[in-house]
Each structure stands twice: as structure tokens, then as C-alpha cells.
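There are 4 protein chains.
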Amino acid sequence: MAGNSFGNLFKLTTFGESHGVAIGGIIDGCPPGIELDLEAIQAEMNRRKPGQSAIVTQRKEPDEVKFLSGVFEGVTTGTPIGFVIENSNQKSHDYSHIKDSYRPSHADYVYDKKYGLRDYRGGGRSSARETASRVVAGAIAKQMLKNVKINAFTSSVGDIFIDKPYQDLDFSNIESNDVRCPDSAIAEKMIDRIKQIRKEGDTIGGTVTCVLQNVPIGLGEPVFDKLHAELGKAMLSINAVKGFEYGSGFCGAKMKGSEHNDLFNIDGSTKTNLSGGIQGGISNGMDIYFRVAFKPVATIMQNQETINKDGEKVEMHGKGRHDPCVVPRAVPIVEAMAALVLADYLLINKTYS
Amino acid sequence: MAGNSFGNLFKLTTFGESHGVAIGGIIDGCPPGIELDLEAIQAEMNRRKPGQSAIVTQRKEPDEVKFLSGVFEGVTTGTPIGFVIENSNQKSHDYSHIKDSYRPSHADYVYDKKYGLRDYRGGGRSSARETASRVVAGAIAKQMLKNVKINAFTSSVGDIFIDKPYQDLDFSNIESNDVRCPDSAIAEKMIDRIKQIRKEGDTIGGTVTCVLQNVPIGLGEPVFDKLHAELGKAMLSINAVKGFEYGSGFCGAKMKGSEHNDLFNIDGSTKTNLSGGIQGGISNGMDIYFRVAFKPVATIMQNQETINKDGEKVEMHGKGRHDPCVVPRAVPIVEAMAALVLADYLLINKTYS
Amino acid sequence: MAGNSFGNLFKLTTFGESHGVAIGGIIDGCPPGIELDLEAIQAEMNRRKPGQSAIVTQRKEPDEVKFLSGVFEGVTTGTPIGFVIENSNQKSHDYSHIKDSYRPSHADYVYDKKYGLRDYRGGGRSSARETASRVVAGAIAKQMLKNVKINAFTSSVGDIFIDKPYQDLDFSNIESNDVRCPDSAIAEKMIDRIKQIRKEGDTIGGTVTCVLQNVPIGLGEPVFDKLHAELGKAMLSINAVKGFEYGSGFCGAKMKGSEHNDLFNIDGSTKTNLSGGIQGGISNGMDIYFRVAFKPVATIMQNQETINKDGEKVEMHGKGRHDPCVVPRAVPIVEAMAALVLADYLLINKTYS
Amino acid sequence: MAGNSFGNLFKLTTFGESHGVAIGGIIDGCPPGIELDLEAIQAEMNRRKPGQSAIVTQRKEPDEVKFLSGVFEGVTTGTPIGFVIENSNQKSHDYSHIKDSYRPSHADYVYDKKYGLRDYRGGGRSSARETASRVVAGAIAKQMLKNVKINAFTSSVGDIFIDKPYQDLDFSNIESNDVRCPDSAIAEKMIDRIKQIRKEGDTIGGTVTCVLQNVPIGLGEPVFDKLHAELGKAMLSINAVKGFEYGSGFCGAKMKGSEHNDLFNIDGSTKTNLSGGIQGGISNGMDIYFRVAFKPVATIMQNQETINKDGEKVEMHGKGRHDPCVVPRAVPIVEAMAALVLADYLLINKTYS
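Residue numbers (UniProt numbering), protein chains in the order written: chain A, 1 to 353; chain B, 1 to 353; chain C, 1 to 353; chain D, 1 to 353.
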């Protein structure tokens, strides 16, 4: 049962390999009557795409999305929205050296073992290129969500962390620098670190924090489809993600109940919010905030020893165009996945009225 | 779309409230021909059940599971396995005080908001009692998995951590103490802390680490149903969970690619295993290890100020029988969820042969 | 992927074999706040159960349904509703003769081939006993549907047909005779035929017609989950069903467009209704009517030649208690399945508001 | 929950309106390693497409399918197969007259009611144009099924029926005439009738019979996903279908058990096959044969009185290019849907090994 669909009522199914003809997807279940702002969708695409700045991969893709159905006279019809994004800047020859070899910590080895063959060019389906389709769907979901505010940002690169609670950050600063960190001083340090890492031909990890505000109360479907469980699955499905925590997260594991409980105000809001906006798996109206951990990208420009299909040792030289740090480009992907989850659960909640 | 089912091909659907007549479930898709070891299933149940030791809740439930179908002459038939576990030791009067009040950091408030009403007794469906059904299904999944080794243990309570890598631990020690920590010295400290916390009428959080060994290569369904994404969702659906990380986890976010990459041995195994046994969302044959963070249980014996349905301030006194620390009882639940995920993905993988 | 669940948002999962401990199911997704009329549910059960009259099987089951969860103080909570129905009147020794033999036109052979083993007693999971669970869920769905009228009746037994359009029938007569035919004169002929067939130790087929009135406009999800496609699947999943047609059905295949088209009245209703209340797979507010064909039950009291597991010829004598004609007992099952489909699609439609 | 996906393990999701930019789909779950015969796929497309002969619609579409992913060096990779088919011969002005009016027995009215708006051109999503995507997927499924023989043919047009059992027909004759009837004499009568109907500006219905041979034993998932139930849903989802019957069908409802039962041969095959190759919802190795009823297409060239959006009477003149009888073009669609069901259930059955 291949896993290329996400969502229940607002469902995205995607296709496409890094160096194939095109990537794209179908959104099934988008409600009718939404006037789509196509520029806003393209803007989200542009946030994600490669070749934007000096600290990300130099592959240049226009990443223009073309809608093929489901929109009539600018308004969604309730019928499935099919879309494609052409691949144009593939340099497949960059990958001929891995045709028979397995790059360490990549999916090359397991794809061969699972499927018996693979499109090796650019990592094929395992490449993060497929996340472009997620951003298209997430952008449409955002337009469905209207009042909900979704803001993600880079909260750490390597061992450089933002040292303030998110409430003290100005989200309007997120897009003001290449690393998408709303704290300008920390952003500079992050950028310097990434440039350093790039010179070394290495890569580095980081974390993305995401804050969802004005989320309606009542989203979430216990006991297995709790809101934070679905958010966690959504984030963990993004390339290079190694961890997810929400609210007090792993720190909460060190606390006592008397310290951790969020007491109520008279209007149902809570005085503190260590819960992270979700209790019993259902949103309670408070801010939902979570953090996603990204490992350093596996493709480095340094030499590595590895093996090939026949079990022989080979030396691999990193080639192709790569990201020293994926975290800035992951920010819009995290937002897109959050929007998809919220849109889906919002539709589910309509059945309770 | 209510979320009371887990899995695709090996699917568990559960029902039951804490103080209802019974809890139970249906397992659909268990392959035929498996000779069920009923004692082993009951043994897993006994690991989870309340009233076992001085450091957990004193509610005593026999937690005997009764199978109603799907097993003929001791062997699974491939037809759905229905089972029930009777609730016997409900002290519903213990909960009359919360009939109209909302316990802080519990699901009381959101259930009322979402559904318009709730079975308040013992937390109703939001109570961790429903996890007993998961353990039944997980126990059956374990028997399907045969060679796979699944071991979970308490890795921290509050700020008391095991300070060794899991490879240096003896898993046969896990059941040797009430806190299910395989390091005896650390276990003692944990137990002392929990007893202290209990005297204070408070609760404390902790983490569970789980190690899966001998997992076949190739399990996982990119791009959305990656193995670790499904494991993450499974764990996050357990009561009180606030975080999930696998392999290098959040630490990996601080590392460089040259430090993080797992180089190959000639036979396809890797020299290091920061990947945590999963690459590109697919198992690669190495140990899969992950950590789950549990917040302190919200029910404390100290007084708390809260509100009731009419938005009035009320004072709440903790009553009922509760856990000062859920982590030891969560250990078999973590194993059960891991077994369910692996069983499901193992069945999916048969379609590739 | 075992197929024991039906529905998407209003979902029923069932379990249970004919001679197992019990049968039952879980209804997930029933909206909260419905005051359940338990007597009405039991009344539907009584319509289906065996041992009711001289023209059906003599197996006597009380068929009392016991609810285990999901209902609090008589009102649905929105949490899953688990229920069991105990099997009490199994005469398993009646089936010892088929332990190793395959009854012609039964599922014995294919179950052994598919699963490798089977619970042979009473046909195990393949027995129509499992339909009792469907009737429980259908009864609850009916209570959710309020204004929709669902009426099914026996429209033919063998070559004895009702010769009037349904509009000329009095549905209040359906329960007035054992064969559930609203035309008293035809009903008598049907009963006589069935008694005759019973004396011969034979069985006979028939058809059930079902009429759904006051169905809201807009139910149905093109292009694959069209309303009539889901109704068709629902009916075809009932034991012994060999055909489904709605509206003009197979007769419509002989007609011309100028004869078949339903012209509009000013208010959107249609002058004729050969469409059968569904156009483009979506309900249009007119009566939905369909017909379901039942083959004669395979268990006959006459001797038959057959084979056993080892491929040897054996002679089989029909034993056990059986129905000469299942059609009267199928009437409430047809209604139950129709109610499940409508409840599900009604919930889905709420997402469009 | 929009219904634009079909299948579980071999899953097709489609998009596209009659006069939109393009139609297409994604096939998720096609096993890796299948060498795709692209010409065979295009040949199936050509069987379905409009403008082929004098007895079908004169709209000319090249219906060339373009694959965008999931195939590498001619072999399926196990990753999702995305494909598009461009719409080129839309004459949208032909439909301006129905912009605000509702064609009788079409989906115009219900789409407006359900979604609040619709793409009126050519019927939008409700047009049979979307079936082209089904044929692509069905063609790929056929290649996965290898030894299974799938043959569908026109068995009746109006009141002209083939009067032989299918065993006496030569399937190699199906493609020898425009009406796809393997009996040449009957075919001529059918063609004459259709030409007559066309002159009258009218339309006529008919039936398609389909025979599946060499189907492996054991396909089907009781109790709700029985093989014939899924086949029924598949066929009923095709435009204009009003009925489905398999094996003895509605005739079986008139028979007695002693007449209807299929006795076994020693090798497990049956002497007769009124069951139609499926018992208890599971294939038994015998031929599966079923019949699908198509009503006459609703668009006729004669004038019809109807209403518009504002509830006013208007007169409608049939325009556009239409089919006097869809049945010949439905033949490859019926085969495609049968192939999709078998491919899906074949994959499901692998989990039992």
C-alpha cells in the first residue's frame, strides 16, 4: 500500500521524481467556492525553491505550478484539483556516478532493497524535490483556513539557538533574511555558520519551530488521530526530520504536574500553555507550537567510502548541487504540512455540527 | 471521521470508556494460521494494568481479555478477532466532583467543546484505560513478528537519566524492578523519586526508549507513510506523550553531515547507526531506536483552582486513584504500538514480492 | 486488507462467527447527542432474527444486543459504540459432517483455499449470522436520519411477482405477514410457495425492493463513490445477493432517451423518476428505489454429491436448520445497509456547508 | 470526502473536467519491475476515445497519454505513476446555452445544488471524459495481471440481444465491428438500430457483458469487500450505469436451490457455474461473468422543456456532439474497471502468503 496520499477529507496525492518529466499532485476534497489567489500560491512555491540565495543549493528551478482542473473562473469547484510542476534544471549527468553506488545515509540502498530498482538520478522519488507539491497543496489549504495564522521559522542551526520564547519574536522578520530566523542578531550568526560549513564541503542540521494561532477549538480525533499525532506524522514525513515535540516537549518530561498543569481562566483560555494548545489530542484554542528537528543533509562534498551494488568498496566524491543546510527551505514545507492537517481536521469537525 | 482505528492491513479498532461496561476492540487483517499464545497475551496485559506496585495507581483491574471470534481451535482464522475486557473496579463516585468542572490539563474541557457532552467518569474515553486494548492487539502483532525483538524501557524519570547507550544495557533486567529501568542503580533512584513525588501528592514525567532489532529491510512507504512517521504518530497517540525522536533525534540537529553519516560495511550494514535503522523512511536492517517523552500526569492530589461549565471559579481537590508517574506502565504500551506498526508494514511489504 | 469495515465517516466494523462465542461490532463516527431508542434497535433485531415463523429457519436466537460503550445516560457521546450479541443456540454437532467436506455453492471451499483453514461450524464467518451486527448499526443510523423514510419489502419469490408500481403499495402492510410483502394477495401466494419448497427440502430465491424517501439533495461523491455505486456495493455484500439495479435498472437499457429522460418541474422535482432519485451519482431529492436479487440459499435438505478436502467424492445430507427462502429476513438487512450508506453520505455532505 | 480514488493497494486517483486544460491521474501502488507496453496502453485508449466511427460521438480527441513519473527506463519503479491526457477538441461554445439551464437527466442540477457552482462546459467533471483516465490505469493493471483474460462485449442494444451463452461466442470477433458485439449477425442489427436512433436525434441504452477467465482462487475480502461487491461498485461508478448482476443474476432469484447449486468436480472446479466464479465473495477459479446495464444517454438532439437556475421554464435544443449509444465505448471502460479490481485484490491476496 504505497503511501503517497496525505489527509482524509482534504487529501493530497503526489507523484514525481527529482529528474523525471514533472512532479505534481491531486488535491481531492477541497471545498467548492474558494477564490484561489494564484499569486499567493506561487509565492509559497518561491519560498521553497532552490537557487534562492548563497546559503542553499544552486539548482535553479522556476517551480511554476500549472493547474489542470478543479478551478473554474478562478473559483474551486469541489472537483479534484490536478496540478503539475515541470522539472527543468535537472543535471542528470551529475548523478551518473551513483548509478550503481549507494550514498551513505541516503535512501539509495533501501530503495534498491525494497523495490528491486530505483531511478537513481537526483535521488528519484526520495529527493526532497517532491515537497514542492506539498507546498502547492498547503498554500491552497492556507487559503481555506482564512483566520488561522501559521508561522514557522528557523529556531536553531547547529548549536546556534534562538534564546527567546516565541512570544518575544516578531514574525514579520522571518522573511527578512536568508535563514528565515526572526531574530536578526542570531540570524547573522546562523548565516555565517552555514557559509563556513559550505566552504568545508560539509552540511549541518537545525530545527524549525512553528506556531499556529487562532486555531478553532475542537480539532482532533481521539484516540489514534489526535491532532498532535497527525501533526507529528506530517512533520516526520518531511525529508531529514529526526524528531518532533510540541508544547513543553521533551522538557515537559522533566517536570512535575504541579509545575506543568495549565490552569483555566474564566473564559476557558489557560494562564500558561505548556500543553501547546492541544489537550487529549484536541485543540483548546490556545497557541499550538511545535519544534521539528532536521539532521544534516547526507550529501556532502567531501569524499566518503561506500559500497556499490556488488558489495565492492568504492570511493564517492560528492557532486551535484546541494544544500549545506536545508532548514531555511524547510520552513515553508513545515507550514504547508501544518496547513494540510488543519484543513483536513477542520473539514472533519464540520460533521459534528 | 472519528479516529479509533489504527493500521491499514493489520488494523485495530477500539472502543470503551474508563467507567463504561467494558473496553475492547476488533483486530481485522491478522493473517490466518497463527497459533495464539493466550498466556503471553495476558502477560502483556498484566504488565500494563493498574494496581501492580506501590509506585503506580492503586486501581485494581483484573484486565482479563476475552476473545469472541477470529480464533478457532487456538489458531487465527483470518477473520476479525473481537475481544472485550471488562471494567470492574470503577469507583465512579470518585468522579462526581468533576461532573461539571474541568480538570486542568485534562481533556474534560475540549471534549465538552467538541462533542457537546462527555462521560466524565474517570475521564471517559480520554482515560488511558483504552490503552489496554492496544496492548492486546500489540501482543498478537508480536506473535506475528516472530524474530523481531521489541524492547522498551524507562530511560528517564524527571531529571534522572540512564547514562549509558542502550547497547550497554541488559534488556533482561527491564522487568526486574517496578520502574522498568534495566540499570538497577538508576532504577533505585527513579523509584525513590517517584515515592517522594507521591508523598507530595504530585506527579512527574519521564521518557521511554524503545529498541527494535532484526527488523526486515524494506519496511516503510514513502513519501507520507514513512516508517518513522507512522511510529511517531503511533507513539504520539498514547496519552501524555509530548515528543518523539528516533536515531540521533534532536541531537542530530546539532551535528554536521561528516559526523552524522553512517558509512556502509560491505554487507550493507552500517558502521555507525545515527540513522536509527531507517533511511528515506524505509528500514535498512540496523536497530531502530526511538525515544518518547511523557509529561507528568495532570491529575495531582494537591488543590487546584479551576472553572466549571458555567464559567465559575471552583476549587478542585484531586480524588480517585492516580499514577504519580505513568512511564513504567507506558513501557508495554510503547512496545504494543511498535508491534502494531511493524506488523502492518510487514504485511504491506508482502505485496512487493 | 480484510474487508470487515463499512463506511467512511459513519463506520461499522464487525466481528463474529456463526458458532463462535459472540458476534458484534464497533460503530465509529456516530455523531454525539443522539438519544438512542434502544427498543427500536431491538425491534429491528427481532425483524431479522431466526426462528420467527414457519417459513424461516428454526434456529432460535434471542439476538439481544448489549451496548458496551459510546452511550452515556442514553445519549451517544461521539466516542465509538461497541456492542455484542451472544450466540446461544448453536448446534455445532449439526455441522460435524461438513468438517472436511465442501457444501456446493457455499463458501467452504474458497475459505479453505484462501485462509488455509476455516471455522466450519455453521459456515463460520461466511454465515449470514454476521448480518445481525449490520442491523444494529443500521438501526442507529436510522435514528440519525430522522426524516428519511426507508422501506424495503419482498417484491418477488421465485416467479411470483408484485405486479404494481411501488407507489400503489401500502408500506404499513409490510410487517403484516411473514413474507414482508405489502400486497396481501401476492403475499399469500408467496407463503404457499415457500411452504411447498420447504416440504421438498429445497430452497428458492427472490428479490427485495427498497424505497428511500425524503432523502436530502446532494448526497453522493463522484466519480467513484457515487451514491448508487455505494448502495450497490452495500447490497451486493449481503449474503446470497446476485444483482442490484436502481431506477429503471435493466429495463432502462432497452429504452430510448426521449422515453427515459426525467423532465423538470419548476421547483426542481421531476415529472417522472426513471433516474431513481440519483443523477450523476448524486441524490436529487426524488424517491430513490432499487431492487436486490437473492439466489436460493445453497443449503438444501436433499442429498448432494460433493467432495472433501482430500478430493474424494462424498455424499452430503443437508442437516442443520435452514431457510427455504432468505428474502423475508433480508428485508431488514437491506434497510440497515441503506441507512448506513445514507448516514455516511449525510455526514460527508456536512463538509460542504 | 470526495470520491475520486478507487482501490486500496492498487489505487487510482483521477482529476479533470471535460473542457478543462487536461484530465489525468495518479496510480499509487503499482508494483515495481513491470515492463510497461506503452503501445498497448495507447491501444486501449483508442478503443475508448470519441470520433472513432459513425455510430458514436463525432468529437475528435487524440487522447494521447503522457506519463510524468513512476516509470524509469520503461519499467515501473513502485513510485506513483502520474499521467495526463490533454483536452484539445473542446467546443465550449456548444455549451453556452446550458450555462444557466439544467439538462434533464444530467448532473447539472445536482452539481449546482451540492457544490453551489459547476463547470458547465461539456458537463464538467460529470462528463464521461474522465473515464479516459480509468482506461489508462486499467491498461496498466491488465499488464500486471498477465494470465488473466478479460473480455467485455456489447450483449444488447435496446431490445436486440445476443441469444447465445457466452461460451458459444468468439471473443476475437469483438473488435471486428463498431458495436463490439462478437456475434456478427446481431452486430449488424445493432448497428442499424443505432443509426436509426441517430437519425431521430435520439439515444438508446444497452448492456455490456464481461467475462474474466483464469482468475486465481481466493480473491475477495469478506464480509463487506466481497469481490462481486467491489466489481459492482466499480461498474456502477461508470456513467449511465443502472444495474449490475453476476452469475445467474436476477434470473437466479427465480430459481430453486436444487437447480442453482454448482456441484463440485474432484479437482475443485464445478460442473455448472451459476455462481459466476465467486462464492462467499471469494473467487473460486471458475469464470467470473457479469452484466452491466446502461441507460440511454441523456443528451438527445430533440427539443426538451426544462428549467434554468431561476426556476423559469426554458426550451433546450440539444447541441454539441453526442453518442446515440454509449455501449460500444463503454466496453473498454468495463474491462478497465475489472482489471483495476482484480489487480487490487491480487495485491491484497499476497498478504496471505
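All C-beta atoms in this analysis are idealised placements derived from N, C-alpha and C, irrespective of residue type, glycine included.
Interface residues of chain D facing residue i [CB-CB closer than 9 Å]
i        : result
C:Tyr352 : Lys114, Tyr115, Gly116
A:Thr131 : The premise fails here: A:Thr131 is roughly 15 Å from chain D at the closest Cβ pair, so nothing lies under 9 Å.
Span of the alpha helix (DSSP H) around residue i
i        : result
B:Gln143 : 131-145
A:Tyr115 : 108-115
C:Val314 : Not the alpha helix (DSSP H): C:Val314 falls in the beta strand (DSSP E), residues 313-317.
D:Lys350 : 327-350
Neighbouring residues, chain B, relative to residue i (Cβ below 9 Å)
i       : result
C:Phe72 : Glu17, Gly20, Leu117, Arg118, Asp119, Tyr120, Arg121, Gly124
Supposed close pair residue i, residue j - CB separation, criterion 8 Å
i        : j        : result
B:Pro332 : B:Val71  : Not quite, the Cβ-Cβ distance comes to about 22 Å (not below 8 Å), so this is no contact.
B:Met235 : B:Met337 : 6 Å
C:Gly16  : B:Leu346 : Contact doesn't hold; Cβ gap of about 26 Å is too wide.
B:Thr154 : B:Val292 : Actually they are not in contact, since the Cβ atoms of B:Thr154 and B:Val292 sit about 11 Å apart, beyond 8 Å.
D:Pro182 : D:Asn173 : 4 Å
C:Gly158 : C:Ile204 : 5 Å
Interface partners of residue i on chain B, CB under 7 Å
i        : result
D:Pro324 : Result: empty, since nearest Cβ-Cβ is about 43 Å, beyond 7 Å.
A:Thr306 : Leu263, Phe264
Span separating the alpha-carbon of residue i from that of residue j
i        : j        : result
D:Asn303 : D:Pro324 : 15 Å
D:Phe290 : D:Leu274 : 11 Å
B:Ala128 : B:Thr57  : 12 Å
D:Ser96  : D:Phe161 : 38 Å
B:Leu219 : B:Asn261 : 21 Å
C:Ser18  : B:Thr79  : 12 Å
A:Glu35  : A:Ile81  : 13 Å
C:Glu230 : C:Val341 : 7 Å
C:Ile307 : B:Cys30  : 29 Å
C:Lys254 : C:Glu73  : 55 Å
B:Val314 : A:Ile288 : 27 Å
A:Val334 : A:Glu61  : 20 Å
C:Arg121 : C:Lys99  : 8 Å
Within chain C, partners of residue i - CB distance below 8 Å
i        : result
B:Gly33  : Tyr115, Gly116, Leu117
D:Tyr109 : Phe264, Gly268, Gln279, Asn284
Endpoints, beta strand (DSSP E) assigned at residue i
i        : result
C:Glu305 : 303-307
D:Leu12  : 11-15
A:Gly243 : 241-246
B:Gly82  : 81-86
Under 9 Å from the C-beta of residue i: neighbouring residues of chain A
i        : result
C:Leu274 : Under the 9 Å cutoff, chain A gives no residues; its nearest Cβ is about 26 Å from C:Leu274.
D:Val84  : Ala22, Gly24, Leu68, Gly82, Val84
Partner residues on chain A for residue i, Cβ-Cβ distance less than 7 Å
i      : result
C:Leu9 : Thr351
Neighbour list for residue i in chain D, Cβ cutoff strictly below 7 Å
i        : result
B:Leu347 : Thr351
Contact list for residue i against chain C, beta-carbon separation under 9 Å
i        : result
D:Met255 : Gly158, Ile204, Gly205, Lys295, Pro296
D:Asp267 : Ile307, Gly311
B:Val75  : Leu117
Contact set between residue i and chain C, taken where Cβ atoms lie within less than 7 Å
i        : result
D:Val341 : Chain C residues near D:Val341: none, gap ~11 Å exceeds 7 Å.
Contact set between residue i and chain E, taken where Cβ atoms lie within less than 7 Å
i      : result
D:Asn4 : Absent here is chain E; the protein component of the structure consists of chains A, B, C and D.
Every unbroken alpha helix (DSSP H) inside the region 20-70 of chain D [4 residues or more]: Fully enclosed alpha helix (DSSP H) runs of 4 or longer: 38-48.
Unbroken stretches of the beta strand (DSSP E), 3 residues or longer, contained in the region 196-236 of chain A: Correct list: 206-213.
Runs of alpha helix (DSSP H) wholly within the region 143-200 of chain B (minimum 4 residues, chain order): Segments of the alpha helix (DSSP H) lying fully in the region 143-200 of chain B: 184-199.
Segments assigned alpha helix (DSSP H), at least 4 residues, entirely inside the region 251-313 of chain D: Every alpha helix (DSSP H) stretch that sits fully inside the region 251-313 of chain D and reaches 4 residues is listed by chain position as 257-260.
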